[in-house]
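This report refers to the structure that appears directly beneath it.
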Amino acid sequence: MLDAFLHYDFLRTALVAGLLSSVLCGVIGTFVVVKRLVFIAGGLAHAAFAGLGLGLYLGFDPRIGAALVAVGGAVAVELLGRSRVHGHDAAIGIVWSVGMAIGIVFLYLTPGYAPSLMTYLFGNILTVRPVDLLILGAVTVLVLGFVLLFYKELVAIAFDEDFARVQGAPVRALMTVLMALVGLSIVQLIQIGGIVLVMALLTVPPLIGLALTRSFFGVLLVATATGAALTLAGLGVSYRFDLPSGPSIVLLGALALGAVAAGGRLRRRRGTLTR
Amino acid sequence: MSPSTVSPSTVSPSTVNATRSPARGEVVATLDQVSFGYRRDPVLDAVSLEIRQGDYLAVLGPNGGGKSTLLRLLLGLETPWSGTVKIHLPGGTRDIGYVPQFATFDRRLPLSVAETARMGRLGRRPLLQRFRTDDDRATANALERLGLTALAKTPISELSGGQLQRTLIARALAGEPKLLLLDEPAASIDAESKELLQRSLRELQNQIPIVVVTHDLTLFSGDFRQVACLNRKLHYHDRPEIPVAALEEVYGCQVDLLHHLGLGDHHHHNASPRPDAESTSGA
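As they're listed, the protein sequences go chains A and B.
Residue numbering for the first sequence follows numbering that gives the first Met the number 0, beginning at 0 and increasing consecutively.
Residue numbering for the second sequence follows numbering that gives the first Met the number 0, beginning at 0 and increasing consecutively.
Rendered as structure tokens:
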């Protein structure tokens, strides 16, 4: 199997894409989870489909359309007031499905050959092109640079936003940038796992990281490593059993999360028994 | 209440209380005719308040009376509908140590007690700089003060309520604040924490002005130098020896709490009711 990865360019590209995107899953995902943005991220991913459809219909790169919607939407959420948007989960649900509807209509109206809906819904890491790798790499560098430069502020904001604001941290600006990066990451992850699976990619690795380590930086590292391991294993399973790559990755992640949760419960039970 | 009505000159020198508290010094924070609400109805109505050096102010009042909102306005977390909020400290709100209520943060985050307390140094360390050894030193001092040194590496998720509360106070103190605001610091804490909290506030009350929003006055009995009742309007008392029944009737402050404060009939200093000692706001 290793031979295959070394011999086929598309597999190698997929491998690199998986490793890079695991940084997005681990780092951006951790902030999405601890700031409770999962549902908002899901809404953005589905709304981005409107941009994809529009791009296809009008003949520009659909990923640009998706990025415009996802980043624009993420920044809009921040500017409208994240906590207020949070409280309006019905509104998120509407944006979610209306975005999908717009995307599907445009896809339907696009004359001639249009990529299948399934590709966008479930992604395909094997179709990643070298040029996509460049963009993915750039987004990864942006995310890493931002988080490392503003690490102490971002951790403080993750824990207690009000306190960070009182201490003079530019919470609004940092959260706006973070939300824009969430939007960019979502568009990148749509390529890997598809719109439907983005939420799992953003949540499973951080949840495993949160379960396994006791430091915030540790969570970022473990989540990223978990993302990488899941992508590799998922690609392997996908190749070996001829299954689609995105669902393979997500299902392995669910298994891993279940194992970690069961392990934690077991350890706690043993702990109470010995005490 | 105009600021002048609460100036030291209105304090009668004959009371025990006046000799106990140092003269009220420079103003560190001002609310002037501040009105604010979250929806259509105001939570605060034309509230004026001065906080001065040497103050140890208790803010009492019913739930929903605007106590936490008053702190949020002082902290710049809310913008008043009308009126002004001014912080007369060189670092602005960075110089304020803020101890929020429990529910406002996520304690499942993987942070140690020391890491959490060190966030109090955020305003002392510019953007793009990492925390340094002097930040760690100030944090260690704050932890020591609250008896948390042995717990420094413990994850906050494993703390008791009292230990967590002390960690939040240590976080506020780590920034070496020039004004301390505490929101219900005594809510559901154990005896050991109560003791430590009381001791550190006793130490601090002679160093920086302190404002405590609280229900549990047992913790602070006799310590406060000023009392304010807040129920949309603020009623400020420069000396706590005020007629308790009047407080309850007029302002809706709970009497049993005031008894704990030592303001009832069994008050330990010459507490003939002095209705002239109180002034009301928003008139």
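Where a beta carbon is used, it is the ideal one built from N, C-alpha and C, also for glycine.
Computed from a prediction, not measured in an experiment: that's the story for all the values here.
Among the residues of chain A, those whose CB is under 8 angstroms from the CB of B:Ile95 are Val165, following chain order. Shown here, A:Gln187 sits in a helix according to DSSP, grouped into three states.
Remark: C-beta atoms of B:Val26 and B:Arg51 approach each other more closely than 8 angstroms.
A:Val249 sits buried, since 16 or more C-beta atoms from the chains shown fall within 10 Å of its C-beta. When the five nearest sequence neighbours on each side are left out, the beta carbons in the same chain lying within less than 8 angstroms of the beta carbon of A:Gly136 are those of Leu19, in order along the chain.
Residues of chain A with a Cβ closer than 8 angstroms to the Cβ of B:Phe130 are, in chain order, Lys151. Fewer than three pairs of CB atoms, one per stretch, sit closer than 8 angstroms, so the region 118-138 of chain B makes no contact with the region 156-164 of chain B.
Counting C-beta atoms within 10 angstroms of its own C-beta, B:Ser81 has fewer than 16 neighbours from the protein chains shown and is therefore classed as exposed.
Scanning the region 56-117 of chain B for uninterrupted beta strand (DSSP E) segments of 3 residues or longer gives 81-86 and 95-98, listed from N- to C-terminal end. By the criterion of at least three beta-carbon pairs nearer than 8 angstroms, the region 64-78 of chain B is in contact with the region 89-100 of chain B.
B:Glu114 sits buried, since 16 or more C-beta atoms from the chains shown fall within 10 Å of its C-beta. Of all residues in the region 199-217 of chain A, only Leu209, Thr212, Arg213, Ser214, Phe215 and Gly217 come within less than 8 angstroms of chain B when Cβ atoms are compared, listed by chain position. Residues of chain A whose Cβ lies closer than 9 angstroms to the Cβ of B:Thr92 are, in chain order, Arg164, Val165, Gln166 and Gly167.
Put simply, the CB of A:Ala155 is near chain B, with a gap under 8 angstroms to one of its CB atoms. Put simply, of B:Ala173, B:Arg144 and B:His87 the residue whose alpha carbon is nearest the alpha carbon of B:Arg201 is B:Arg144. A Cβ-Cβ contact shorter than 8 angstroms links B:Val212 with B:Glu183.
Within a 10 Å sphere around the beta-carbon of B:Tyr55 sit 16 or more other beta-carbons, which makes this residue buried. Using beta-carbon distances, B:Gly65 does not count as an interface residue toward chain A, since no partner is under 8 angstroms. Within the same chain, Phe30, Val33, Lys34 and Phe215 come within 8 angstroms of A:Ala157 by CB-CB distance, once the 5 residues on both sides are set aside. Between B:Leu229 and B:Gly65, the C-beta gap is smaller than 8 angstroms, which places the two residues in contact. Around the C-beta of A:Arg267, fewer than 16 other C-beta atoms lie within 10 Å, and the residue is accordingly described as exposed. For A:Pro110, the three-state secondary structure derived from DSSP is coil. Beta-bridge annotation (DSSP): B:Cys228 is paired with B:Leu59 and B:His234. Among the residues of chain A, none has a CB under 9 angstroms from the CB of B:Phe223; the nearest is roughly 24 angstroms distant. Given a length threshold of 4 residues, each whole run of the alpha helix (DSSP H) inside the region 17-87 of chain A is given here in chain order: 28-33, 37-57, 61-79 and 81-86. The Cβ atoms of B:Lys177 and B:Ile207 lie closer than 8 angstroms to each other. Contacts with chain B at 8 angstroms (Cβ-Cβ) include A:Asp159.
Under the Cβ distance rule, B:Pro208 does not count among the residues neighbouring chain A, no pair being separated by less than 8 angstroms. No Cβ-Cβ contact shorter than 8 angstroms links A:Phe9 with A:Leu106. Assigned with DSSP and collapsed to three states, A:Arg239 falls in helix. At least one C-beta of chain B is nearer than 8 angstroms to the C-beta of A:Leu148.
Annotation: Cβ neighbours of B:Asp105 in chain A (cutoff 7 angstroms, chain order): Val33 and Phe158.
Using a Cβ-Cβ distance cut-off of 8 angstroms, the region 65-73 of chain A and the region 38-53 of chain A are in contact, since at least three pairs of beta carbons, one from each stretch, lie closer than that value. A:Arg164 and B:Leu121 have their C-alpha atoms roughly 10 angstroms apart. The contact set of B:Pro154 on chain A, defined by CB atoms closer than 8 angstroms, consists of Arg213 in chain order. Under the Cβ criterion of 8 angstroms, B:Gly174 is counted among the residues facing chain A.
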